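Inspection log for the structure reproduced underneath, given as structure tokens.
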Amino acid sequence: MVAVARTPRSAWIQAGLHALAAGGPDAVRVEVLARTLGVSKGGFYGYFGNRPTLLDAILHAWEQISVDDVIERIEADDANASAKAKLERLGAIATSGEQVLGVDPLAVDLAVRDWARRDEQVARRLRRVDNRRMNYMRSLFATICAEETAVEERCLLAFSLWIGNHFIAADHPGRTRAAVTQGAFQRLLEG
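Heads up: the sequence shown begins at 11 in the numbering used here, then just goes up one per residue.
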């Protein structure tokens with residue numbers, strides 16, 4: 011008798027992240043994910059029990075990818091790097107479009123932000139994630155400028171630049187969006 015390999019829990023979460031990024035939380039459906047994975051729904055219930063448990067696991071994975079993993083990468087790249095170099099690395103990661111688990115973290119982030127407008131629990135989780143992001147940036151910007159107000163302003167501007175950049179459709183005559191974004195971020199790093 012040959013044992014049948016079980017679809018890993020991580021595959022369900024990854025498929026859920028894809029669905030969330032593509033269509034929001036309503037697109038995260040057990041039947042659709044099973045079809046996407048080419049498996050039956052049975053394995054799903056062994057890991058999650060119900061859809062809300064899967065949605066929580068997806069949000070946990072999003073937080074891990076977008077906060078914990080990013081900070082770990084920055085700190086591991088060069089623990090002795092200056093705060094300015096770490097902020098530059100953070101900006102590069104935030105604007106890279108690099109896929110994690112085969113999905114664009116920004117697309118998931120934007121879907122979670124939209125979802126948070128309609129779900130108070132998701133809104134609380136988003137606030138926690140954004141506060142963790144801001145706290146990390148505060149720790150770095152505080153070494154560039156001493157004034158607490160200036161630190162807070164720079165953090166807000168940097169975070170707004172990364173998130174808001176994706177909602178602005180304006181052209182930049184003679185310049186690329188990437189160049190303008192990079193230039194704007196560099197201004198925030200000036201002492």
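Heads up, the beta-carbon is just placed ideally off N, CA and C, and yes, glycines get one too.
Just so we're clear, the structure is a prediction, and the values are computed from it rather than from any experiment.
- Where VAL38 sits in the DSSP three-state scheme: coil
- State the DSSP-derived secondary structure class of VAL161, mapped to helix, strand or coil. helix
- Would you tell me roughly how many angstroms separate the C-alpha atoms of ASP87 and ARG99, rounded to the nearest one? 9 Å
- Message: Would the region 45 to 54 count as touching the region 75 to 83 if we require 3 or more Cβ pairs under 8 Å?
- Response: no
- Item | Paired residues, beta bridge with VAL113 - DSSP | VAL110
- Would the region 143 to 153 and the region 96 to 112 be scored as touching if the rule is three or more Cβ pairs under 8 Å? yes
- Query: If we ignore side chains and look at the alpha-carbon of each, how far apart do ALA104 and ALA89 end up?
  - Reply: 19 Å
- Message: Am I right that ALA133 and ALA126 are in contact with their C-beta atoms under 8 Å? What's the rounded C-beta distance?
- Response: 4 Å
- How many angstroms separate the CA atom of GLN74 from the CA atom of PHE195? 25 Å
- Query: Cα-Cα, which of GLU157, THR191, ALA180 and ARG185 is closest to PHE169?
  - Reply: THR191
- Query: Run through DSSP, which three-state label would SER92 get?
  - Reply: coil
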